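K.L.:
At position 215 of the sequence shown (counting the first as 1) the number is 226 in our numbering, and the numbers step up by one without a gap.
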Amino acid sequence: MTGRPRSATELVSAARDAAAVAARHAERADAERSLPGAVAEAVVDAGFARHFVPARHGGPAGSTSDLLSGVSALAEGCTSAAWCASVIAGAARTGAFLPAEGQSDLWSKGPDTVVAGALIPRGAAVPVPGGWRVTGAWPYTSAVGFSDWALVCAPTPLDGADVPWFFAVPRQDFRVVDSWNPVGMRGTGSNTLVVDDVFVPAHRGFAREDMITGRSVGSPARCHTAPLRLLSGVLFGAPALGAARAALRAWSEHTVSGGGAANPAAAGVLARATIATDAAALLLERTARVADAAAPSALEQLRSPADCAYAVEQLVDVAERLLRTAGSSAQLAGHPLQRVWRDLHGLAGHVALRFDPAGAGYGGRLLSDTTPPDATPPSATPPAPR
């Protein structure tokens, strides 16, 4: 894509165009375990790679709310394509924490550069004169097959401790090992990225803590100053919203074609599933607004990850109900409903979408806020019977 950055309206419109392309290739992506070239190109052309790119490098430094709208629209065509769109947007955001010279390297060919993110610290980064020697293997790296750069996280020794740092590595300096063969989200091509003793200059590295807390370099945009915890749930939850809407459409078409439109039970299933999907959308939209807000409260920051995780739980339940009530024919290979069902189960396993840890943090704060300052917390051990 060339020209000016996408506006919010243009991003959603372009995402719908990309969704049409992705839908035509969704079964192939599932079978081949990666996005076909036409779909990857449509994702980039829609503006997802550049969405969080800083303005000085030609990007819109866009909002989380707009990304949610665009990704969920794309997911109505293919969950895997939407996941890739979301993660390359998020990885590009990570590039805003590089030193200025590193950012110039990363976006030297323009804001539509596709960046893959390997976020879990693995391997090793050994300090050498002028930078580091980086070695490691990072599985589950989505969209790595059509990426131009990767930002890999590796521990590096600092003041006697191993500290996670990110390192920007161009495509010619890493290889991809075919290792992705899951039940769902097969089209994401989340294979293993491997770096073999590659020199990374000093200006292409930064401490992971900067990204987590929002200490960007040279950009005051909210997408770069917001703590990661406010964005990550939306990034990974947005594809689930569009996937559930796709499941609603597939179930409705399946039911009508099977002559079940006049069945009151079917009408009830559809009503319940639609309301649950809309409710999840409201939670995700609320979370996106919190991420975009200049100064969200401490309680909002704790609630947002729980909101996202809960919303995705509800969307998985929607897919469960729809598949169970669609009959055996909807479980056949190639049927879009069973593919979406697999995709929703697959993405819901992401660590950012697990409710228990997020809910514990939020619930703990709610309890502390309602406990009088001089009150003694109740004992965790019940009294012995008399």
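Using N, Cα and C, we set each Cβ at its ideal position, and we do this for glycine too.
Keep in mind the model is a prediction, meaning the values are calculated, not measured.
Let me confirm a value: T381 is counted as buried when at least 16 other C-beta atoms fall within 10 Å, else exposed. Which label applies?
P.N.:
Under this definition T381 is an exposed residue.
K.L.:
Just to confirm, are D173 and V206 a CB contact at a threshold of 8 Å?
P.N.:
No; because the gap between Cβ atoms is not below 8 Å, this pair is not in contact.
K.L.:
Reducing DSSP to helix, strand and coil, say where T124 ends up.
P.N.:
Three-state DSSP puts T124 in coil, outside helix and strand.
K.L.:
Indicate whether H214 and G58 have their beta-carbon atoms separated by less than 8 Å.
P.N.:
Not a contact, by the Cβ cut-off of 8 Å.
K.L.:
Given P389, which residues of its chain have a CB within under 6 Å of its CB, disregarding the five upstream and five downstream residues?
P.N.:
With a pLDDT of 47 at P389, under the threshold of 50, the modelled position of this residue cannot be trusted, and the question is left open.
K.L.:
Who are the near neighbours of W149 in its chain, counting only those whose CB is closer than 6 Å to its CB and skipping five residues on each side?
P.N.:
Answer for W149: A129, R133, V163, L204, listed in chain order.
K.L.:
Between the Cα of V211 and those of R182, A51, G360, A107, spot the shortest distance and give me the residue it belongs to.
P.N.:
When only C-alpha atoms are compared, the closest one is R182.
K.L.:
So, is A286 buried or exposed, given that buried needs 16 or more other C-beta atoms within 10 angstroms?
P.N.:
The sequence given here has Ile at residue 286, not Ala. Exposed, by the Cβ-count rule.
K.L.:
Could you compute how far the alpha carbon of P368 sits from the alpha carbon of H361?
P.N.:
For P368 and H361, the distance between alpha carbons rounds to 12 Å.
K.L.:
Can you grab the Cα-Cα spacing for the pair G142 / L169, in whole Å?
P.N.:
If I take the Cα positions, the gap works out to 13 Å.
K.L.:
Ordered along the chain, which non-local residues of its own chain (more than five positions away) have a Cβ less than 6 Å from that of S83?
P.N.:
Counting only Cβ-Cβ distances below 6 Å, and skipping sequence neighbours, we find A249, L252, G253.
K.L.:
Classify T266 as helix, strand or coil using the three-state DSSP reduction.
P.N.:
Of the three classes helix, strand and coil, the one that applies to T266 here is helix, per DSSP.
K.L.:
Applying the criterion that 16 or more other CB atoms from any shown protein chain within 10 Å of the CB defines a buried residue, is D77 buried or exposed?
P.N.:
D77 is buried by the Cβ-count criterion.
K.L.:
For T152, is the classification buried or exposed, using 16 other Cβ atoms within 10 angstroms of its Cβ as the cut-off for buried?
P.N.:
With 16 or more Cβ atoms within 10 Å of its Cβ, T152 is classed as buried.
K.L.:
Enumerate in chain order the residues of its own chain whose CB-to-CB distance from W118 is below 6 Å, with the five nearest sequence positions on each side excluded.
P.N.:
Cβ neighbours of W118 beyond the five flanking positions: H68, T124.
K.L.:
Kindly indicate the opening and closing residues of the beta strand (DSSP E) around A135.
P.N.:
Where A135 is concerned, the enclosing beta strand (DSSP E) stretches over 135-139.
K.L.:
I'd like the span of the beta strand (DSSP E) that includes D208, first residue to last.
P.N.:
Unbroken beta strand (DSSP E) run through D208: 202-212.
K.L.:
Using CA atoms only, rank isn't needed, just tell me which of S24, S379, P47, V23 is closest to A34.
P.N.:
When each option's Cα is compared against that of A34, the closest is P47.
K.L.:
Could you tell me how far apart the beta carbons of L51 and F157 are, in whole angstroms, since I believe they sit closer than 8 Å?
P.N.:
Residue identity differs from the one stated: residue 51 is Ala in this sequence, not Leu. Their Cβ separation, rounded to whole angstroms, is 4 Å, which keeps A51 and F157 in contact under 8 Å.
K.L.:
Can you tell me the Cα-Cα spacing of F108 and V228, whole angstroms?
P.N.:
About 5 Å.
K.L.:
Per DSSP, V145 forms a beta bridge with which residues?
P.N.:
A136, V209, per the DSSP bridge assignment.
K.L.:
How long is the line joining the alpha carbons of A111 and F63, rounded to whole angstroms?
P.N.:
C-alpha separation (whole angstroms): 16 Å.
K.L.:
What does the alpha-carbon distance come out to for the pair A232 and P65?
P.N.:
Near 8 Å, if we compare the C-alpha coordinates of P65 and A232.
K.L.:
Would you report the Cα separation of G198 and A322, rounded to the nearest angstrom?
P.N.:
Taking the straight line joining both Cα atoms gives about 23 Å.
K.L.:
When DSSP labels each residue in this structure, what does W176 get in the three-state scheme?
P.N.:
Reduced to three states, the DSSP call for W176 is strand.
K.L.:
For R314 and Y373, which I take to be in contact (beta-carbon distance under 8 Å), what is that distance rounded to the nearest angstrom?
P.N.:
With a Cβ gap of about 5 Å, R314 and Y373 count as contacting.
K.L.:
Across which residues does DSSP place W160 in a beta bridge pair?
P.N.:
According to DSSP, which records beta bridges pairwise, W160 is partnered with V126, P181.
K.L.:
Compute every distance between the C-beta of G101 and the non-hydrogen atoms of the ligand ADP, then say whether any falls below 7 Å.
P.N.:
Among the ligands in the structure shown, none appear at all, so the ligand ADP cannot be discussed.
K.L.:
For V228, name the three-state secondary structure that DSSP assigns.
P.N.:
In this structure, V228 counts as coil in the three-state DSSP scheme.
K.L.:
With a 10 Å radius around its C-beta and 16 neighbouring C-beta atoms as the bar for buried, classify R335 as buried or exposed.
P.N.:
R335 comes out exposed.
K.L.:
Could you check which residue in V180, A290, V245 has the C-alpha nearest to that of D208?
P.N.:
Answer by Cα proximity: V180.
K.L.:
Got a sec? Which residues, its chain only, sit under 6 Å from T75 by beta carbon, not counting five neighbours each side?
P.N.:
Excluding sequence neighbours, T75 sits near L242, V245, A299, A302, D303.
K.L.:
From R144 to A127, what does the alpha carbon distance come to, in whole angstroms?
P.N.:
Near 20 Å, if we compare the C-alpha coordinates of A127 and R144.
K.L.:
CA-CA distance, L364 and N274?
P.N.:
About 35 Å.
K.L.:
Please list, in chain order, all residues of the same chain as P307 whose beta carbon is under 6 Å from its beta carbon, the five residues on each side excluded.
P.N.:
Hits under 6 Å: V301.
K.L.:
Which residue marks the beginning of the alpha helix (DSSP H) containing F366, and which one marks its end?
P.N.:
Per DSSP, F366 belongs to the alpha helix (DSSP H) from 366-381.
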